[in-house]
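When we follow the working numbering, the leftmost residue of the sequence shown carries the number 1, and every step to the right adds one.
Working notes for the structure below.
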Amino acid sequence: MKLALAQTKPATGQIPANLVAHTHFILRAVAQGADAIIFPELSLTGYEPTLATSLALELTDACVKELQELCNHHAITIAVGAPLKTQAGIIISLLIFQPGQSVLVYGKQYLHPDEEPWFVPGTNLSPILIRGCRVGLAICYELSVEEHFNRMVPSKPDVYVATVAKFRNGIAPSYNRLAILARSGIYTLFVNAVGVADNGVCAGGSAVWNREGKLLASLDDTHEGLLIFDTDTESITK
């Protein structure tokens, strides 16, 4: 399986502009033979918790339909971050598009205390299947929650992807955690944004670790980019 990590620079609150950027990265990933592409936390809106009420999506929105059409046309799995309206309230979600299927919603279950005024806990999914690989997911703060990973272990994920909006001080702890988890015999991946977010700056560093916990490749802390990992060969392309 070829899995693309899209390190993007979201425009705050500008869903149409961000959708154009997502499309650009999706088409780049398709051109390089990727089977799936995963974007950072809240990639469609930018990580702006205080704006969640005005920016939250519904599954019937036009941008959701457009992403599903892209997915169907190019036969690629797409996972994008967005605040999503639910009956319980607004959740931090990863919307997962797979060809010819209904949209899957991974909801961030473990919220950082700073997020609790704006969001409600969501519902995690079991690992999703992409080209025979079981891909486990985490959204940002969940990476630091031991229970979150332990609950996933019985599902035997082949790959574990953390989609985040991390500032500079969060990069080193995340790298350390993902290296440790990788040594349990899975590939671990980290996809972060760059640029302004929630009165801070996301520090990129999207990266991949092999099953021995060795860092295989990473992107820098300021530029957008694409990192494509082939689980069959452990090769990386940018």
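Glycine included, every Cβ here is placed at the ideal spot set by N, Cα and C.
How many Å lie between residue i and residue j at the Cα?
i	j	result
S206	Q87	33 angstroms
S54	T60	16 angstroms
N210	W118	36 angstroms
R131	E212	23 angstroms
T8	P40	7 angstroms
Y187	Y160	6 angstroms
G107	I90	10 angstroms
L44	A17	9 angstroms
S235	N176	22 angstroms
L178	F149	11 angstroms
Provide the residue(s) that pair with residue i in DSSP beta bridges, ordered along the chain.
i	result
A52	DSSP lists no partner for A52.
F190	A162 and A207
T237	I228
Q7	G225
F167	C202
A62	In the DSSP output, where bridge partners are listed per residue, A62 has none listed.
How is the beta strand (DSSP E) around residue i delimited, first residue to last?
i	result
Y175	Careful: Y175 lies outside any beta strand (DSSP E), inside the alpha helix (DSSP H) at I171 to A182.
A138	C133 to I139
L215	L215 to S218
A34	Careful: A34 lies outside any beta strand (DSSP E) and carries neither H nor E.
L125	Element bounds for L125: n/a, residue is neither H nor E.
Could you give the residue range of the alpha helix (DSSP H) that holds residue i?
i	result
T23	I15 to A31
F149	E146 to M152
Measure the beta-carbon distance from residue i to residue j and round it to whole angstroms, keeping in mind my assumption that it falls under 8 angstroms.
i	j	result
V194	G185	No, V194 and G185 are not in contact; Cβ-Cβ is about 31 angstroms, not under 8 angstroms.
L227	V208	7 angstroms
F25	I38	Wrong, their Cβ atoms sit about 10 angstroms apart, outside the cutoff.
L125	L137	7 angstroms
> Whole beta strand (DSSP E) runs in the stretch 73-112 with 3 or more residues, listed along the chain?
Replying inline: Runs of beta strand (DSSP E) with 3 or more residues, each lying fully within the stretch 73-112, are found at 77-86, 89-97 and 104-107, listed in chain order.
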